[in-house]
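Here the working numbering is used: position 90 in the sequence shown is 91, and no number is missing along the way.
Below is one structure, written out as structure tokens; comments come after it.
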Amino acid sequence: MVTEQLEEKHGTRQTYVIRTYDSETGWIQTTRKDKIYVLSGEGWSIQYEDSEYPNRLSVGQNFYLPEKLTYKIINKEKLSSKLILKVEFI
């Protein structure tokens, strides 16, 4: 399951989302370019549709997801861990 909490950068009217994953997802397609910050979570990976192998996500890591990218979030190691991401809309 995925939950989202919409936040605003203090005094800027720019919004971002805190997204929490507590289980794996199916395939997701982005609709815009996003900058992602990994805030918390152990054992999580992101797998892109055009890649055979997932990329491990680490706390403190940041990366971009381009528009119209298909991916899924998976956790094969620490099933009790929640993945928490900060998603900035670009």
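Note that beta-carbon positions come from the ideal geometry of N, C-alpha and C, so glycine has one too.
Beyond the five residues adjoining it in sequence on each side, L40 comes within less than 8 angstroms, by CB distance, of I19, V60, I85, L86 and K87 in the same chain, given in chain order.
At the C-beta level, I74 and W45 come within 8 angstroms of one another.
Within the DSSP secondary-structure output, K87 pairs in a beta bridge with I19 and Y38. Counting other Cβ atoms within 10 Å of its Cβ, N76 reaches 16 or more and is therefore classed as buried. Inclusion of K69 and T26 in the CB contact set at 8 angstroms is not warranted, their separation being larger than that value.
Taking a C-beta distance under 8 angstroms as the contact criterion, N63 and K36 qualify as a contact pair.
Listed as beta-bridge partners of K73 by DSSP are Q48.
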